[in-house]
Amino acid sequence: MSKRQNISSGSPREPILGYSRAVRVGNLVFVAGTTSGGIGDTAAKQTREIFTRIENALTQAGATLQDIVRTRVFLTDMADFDAVGTVHGELFRDILPVTSTIGTTALAAPDILVEIEVDAVLGTN
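Residues 1052 to 1176 (the working numbering) are what the sequence shown spells out, left to right.
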């Protein structure tokens, strides 16, 4: 059985809410729903910050963006779909993970416009 590796971002919310930023089991890495922490005043800017944070978690797990096989994008305003999709496309046009985009009425704070989670499989690139 593969050993579990919990990866923390250092957020004080992780122990309070009982979650890890990412978990690696064997060659699988699951990254929790990630926000920009309010950095960025547009959905596109927040998306860029989110993928920087996701990439940091993946690096700690021994993975890269190229190992991502699935993304899930949550938007508070579906009018931001194209702006977020353009950033996603810039990052993943050669990787082509499966993706879902879900509209939601709210995220963790009013200034959070986007939340993204990913699944990665090491050795797929």
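Cβ atoms here follow ideal geometry from the backbone N, Cα and C, with glycine treated the same way.
Closest to residue i by CA distance: which of the options is it?
i	options	result
LEU1109	THR1152, THR1150, ALA1073	ALA1073
VAL1124	VAL1082, ASP1092, GLN1056	VAL1082
THR1155	ILE1167, ILE1146, ASP1145, LEU1147	ILE1167
ASP1145	THR1127, LEU1116, PHE1132, LEU1126	LEU1116
ASP1128	ALA1112, VAL1165, ARG1099	VAL1165
I believe residue i touches residue j by the beta-carbon criterion, under 8 angstroms. Please report the beta-carbon distance rounded to the nearest angstrom.
i	j	result
ALA1114	ALA1171	5 angstroms
VAL1080	LEU1173	7 angstroms
THR1086	ILE1163	5 angstroms
THR1175	ASP1118	6 angstroms
VAL1138	VAL1120	Incorrect: roughly 19 angstroms between the Cβ atoms, too far for contact.
Any idea if residue i is buried or exposed, counting beta-carbon neighbours within 10 angstroms, 16 or more meaning buried?
i	result
SER1151	exposed
ILE1058	buried
VAL1169	buried
LEU1068	exposed
LEU1126	buried
VAL1135	buried
Using DSSP with H/G/I as helix, E/B as strand and the rest coil, what is residue i?
i	result
ALA1114	coil
ASP1131	helix
ASN1078	coil
SER1059	coil
ARG1104	helix
ARG1123	strand
ARG1073	Correcting the residue identity first, residue 1073 is Ala in this sequence and not Arg. Residue state, collapsed to three classes: strand.
ILE1146	coil
GLY1091	coil
THR1086	coil
ILE1153	strand
Report yes or no: is there a C-beta of chain D within less than 8 angstroms of the C-beta of residue i?
i	result
LEU1126	As a matter of chain content, chain D is missing from the structure shown, which is built from one protein chain.
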